[in-house]
Each structure stands twice: as structure tokens, then as C-alpha cells.
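Peer 1:
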Amino acid sequence: MSPEEKAYIAKKHQNSFTYITKYDDAINLLKEIEPYLIITQKKLRAQLIINEYKNVTPRNGRYSAKSLKLKEEFYNKFRAIK
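What follows is the structure in C-alpha cells.
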């Protein structure tokens, strides 16, 4: 978890940064900020990720037919939150 500077060639742009975090670090970050989320959609989506993401995502990235179906159901549930 560290900021990464993005470089722009044009002189009119200022330097900008992106914050990159993955898997456990991303879930831990969501756990920390979830209580402060005000927008209902974002709060519900954060809770869904915190509670279910690890259960439907294999660490090796290889999905069986059953696990792929579970992941698709998770994705559809995530997208249905409006």
C-alpha cells in the first residue's frame, strides 16, 4: 500500500498520485473506512465485500465451475445494490 506518482509530459498538468492496494490490504482498508461511509450504496457494497469477497475468490485465481458461479452471483449481488 503506497502512493504511486503518475507522470505527465505536458507542462500544464501538475503531478498526481494514485493509491494502490490489493486483496487483504484493500479489505482491511474497507473495514477501517466503512463506518464513515455516508452514501448508502457505497456502505452496503463495502459491507458485502468485507463479508463475502474472500469466500468467493480463490487465492490461486483458478475458478472451478462451482466457484465461478459463486463469484458471478457475488458480482450480480454487488451490482444490484443501488
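Residue numbers (the working numbering): 492 to 573.
Every residue, glycine too, gets a C-beta built ideally from N, C-alpha and C.
Can you tell me which of the three DSSP states Tyr544 falls into?
Peer 2: helix
Peer 1: Taking contact to mean at least 3 C-beta pairs separated by less than 8 Å, is the stretch 510-524 in contact with the stretch 552-560?
Peer 2: no
Peer 1: Might you give, ordered along the chain, the residues of its own chain that have their beta carbon closer than 7 Å to the beta carbon of Ile540, omitting 5 neighbours on each side?
Peer 2: Ile518, Leu521
Peer 1: Report the residue from Ser558, Leu559, Pro549, Gln532 whose alpha carbon sits nearest the alpha carbon of Phe569.
Peer 2: Gln532
Peer 1: Residues in its own chain within less than 8 Å of Lys562 by CB, not counting five upstream and five downstream?
Peer 2: Val547, Thr548, Tyr554
Peer 1: Apart from the five residues on each side of it in sequence, which residues of its chain come closer than 8 Å, Cβ to Cβ, to Ser558?
Peer 2: Val547, Pro549
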